[in-house]
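Following: one structure in structure tokens, then a few remarks.
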Amino acid sequence: MRRHWMQGALSEPCLFHATLYAGSSHFDHLEKRSQSWITLYHQNEAIRLLNERLSDMKSAADDRTILAVIPLAMFANIHGDRGPADIHMAGLRQLVDIRGGRDKLGYDGMVAGVIQMNNIIYHVMFDLSPTSPTLGPPVGLEDRILRSSEALSFPGFQNIINMFQHLREFKLGCQTTANNPPESHEYSKSTTKQDDPFFHCCYLAVTIFNLIVVQSHDPGASIKIEFLASELQASLGLTNAEVWITQMPALFSWVCMTGAAASHNAKLRIWFYFHQASAVRVLDFKTGPAYLDELWAHFYWLRMMRLRRVTDL
């Protein structure tokens, strides 16, 4: 990803300024300050050059033009600027349509991947509508977790895999018996192995999942879910992110995006997303969009379940 992006940035001034805007804006965010003059300069230059490229159909459809929109859109999402974020999202959709669809984009899938990444961030920040279409429970991310387990010998990992085998079976049961979903597998507190922080995070995330999907008609479930999401955030902070990312990135994403789907606080949802975002970087972007699609499907389905259960109470 980095190689393709930098090649494009060094060959196209618009993407060059958009990239420097992203870096400077990220630094501002880390420093918890408003946009610096350097950030504003690169933002203005990126927008000026972008408008020039958009005036010509050939340059408008170029991969580097599409990539230049991504930092502008992504930081509008992060800052909660809904108006500019909507404009950039609409522009990206139009540019992708001009190219003939996401699968026609270049750089070995990298452009399609970052567009999907921005789509996820947008909806994590600004949320979904409870009236959005309902999809069946996806199992792509669970399948990826279980496939990756064959090459791992992480302490306590088998207990985690057992949990996800039960969870996958439950979701498949929901697909075939939508009107009468099967009972979920319960784990007792004694099973959580409090001295194993990775297992404990998985336990919390699976408990949140069960509360959303199975027990959310209970008036007290929503309060429990919010409390457990906060506990999950604290528990993730006690684990080594490098271990998650190098040994079990898909599991890391599942746990974090479950926390995001549970949370009504937009800042907490964004925290969960970016806490696992580095997991995407370990993937080859030739297969990356499929991973991002699985990530999106998991968040979308579980968040829709959460929103609709709340409106039903």
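If you count by the working numbering, then the sequence shown holds residues 1291 to 1603, one letter each, in order.
Just so it is clear, CB atoms sit at the ideal spot from N, CA and C, and this is done for glycine as well.
Remember, it's a predicted structure, so these values are computed and weren't measured experimentally.
Residues of its chain near residue i, where Cβ-Cβ distance is below 8 Å and the 5 sequence neighbours each way are ignored
i     : result
P1423 : none
P1428 : K1461, E1584, A1587, H1588 and W1591
I1410 : Y1563, L1582, L1585, W1586 and F1589
K1322 : none
S1324 : D1318
A1350 : R1343, L1344, L1385 and I1388
L1300 : F1306
E1440 : none
Integer-rounded CB distance, given that residue j should sit under 8 Å from residue i
i     : j     : result
L1395 : R1389 : 6 Å
V1570 : M1347 : So it is not a contact: roughly 32 Å between Cβ atoms.
I1502 : I1513 : In fact, because the Cβ distance is near 13 Å, the residues do not count as touching under 8 Å.
V1496 : M1547 : Rounded, the Cβ-Cβ distance is 13 Å, inconsistent with contact.
L1494 : S1525 : 6 Å
R1338 : E1302 : Not quite, the Cβ-Cβ distance comes to about 14 Å (not below 8 Å), so this is no contact.
Of the listed residues the options, nearest to residue i (C-alpha basis)
i     : options                       : result
F1447 : Q1537, L1582, I1368 and Q1406 : Q1537
F1589 : R1437, T1309 and Y1563        : Y1563
R1458 : I1377, D1433 and R1437        : D1433
R1486 : A1524, T1529 and F1517        : Arg is not the amino acid found at residue 1486; the sequence shown has Asp there. Comparing Cα positions, the closest option is T1529.
I1535 : G1549, S1438, T1309 and H1490 : S1438
T1329 : S1315, K1322, E1335 and D1398 : S1315
H1307 : A1336, D1353, L1320 and K1322 : A1336
A1531 : P1509, C1491, Q1297 and L1300 : C1491
I1450 : H1565, F1488 and D1318        : F1488
L1522 : C1304, V1533, P1509 and F1542 : F1542
H1565 : H1456, C1464 and G1527        : G1527
A1556 : D1376, R1372, A1580 and I1377 : R1372
L1340 : V1504, T1309 and L1305        : L1305
M1595 : V1504, H1456, L1300 and T1309 : V1504
T1309 : I1356, F1517, H1554 and A1351 : I1356
H1554 : A1580, F1517 and V1533        : F1517
Distance CB(residue i)-CB(residue j) smaller than 9 Å
i     : j     : result
I1560 : I1405 : no
A1519 : A1552 : yes
W1544 : I1435 : yes
R1593 : L1385 : no
A1363 : Y1331 : no
A1358 : L1431 : no
S1392 : A1402 : Looking at the sequence provided, one finds Arg at residue 1392 rather than Ser. Yes. Within cutoff.
I1498 : G1426 : no
G1370 : M1415 : yes
Own chain partners of residue i with C-beta closer than 6 Å, once the 5 adjacent residues on each side are dropped
i     : result
A1312 : P1361
Q1333 : Y1311
R1326 : Here residue 1326 turns out to be Ser, not Arg, going by the sequence shown. Same-chain partners within the cutoff: D1318.
M1296 : none
Residues near residue i by beta carbon distance below 7 Å, same chain, minus five either side
i     : result
R1598 : P1420
P1374 : A1366
H1378 : V1359, L1362, A1363 and A1366
Heavy atom of the ligand GDP within 8 Å of residue i beta-carbon
i     : result
A1556 : Among the components of this structure there are no ligands whatsoever, and the ligand GDP is therefore not found.
C-beta neighbour in chain B for residue i, strict 9 Å
i     : result
K1461 : Of the protein chains in the structure, only one exists, and it is not chain B.
(request) Run through the segment 1358–1397 for me and flag every whole alpha helix (DSSP H) of 4 or more residues, listed as ranges in chain order. (result) Correct list: 1372–1389.
(request) Could you tell me which uninterrupted alpha helix (DSSP H) segments, each at least 4 residues in length, are contained entirely in the segment 1552–1592, listed from first to last along the chain? (result) For the segment 1552–1592, whole alpha helix (DSSP H) runs of length 4 or above, ordered along the chain, are 1556–1566 and 1568–1571.
(message) Ignoring anything shorter than 3 residues, give me the beta strand (DSSP E) runs that lie fully in the segment 1485–1547, in order along the chain.
(response) The qualifying runs do not exist here; there are none.
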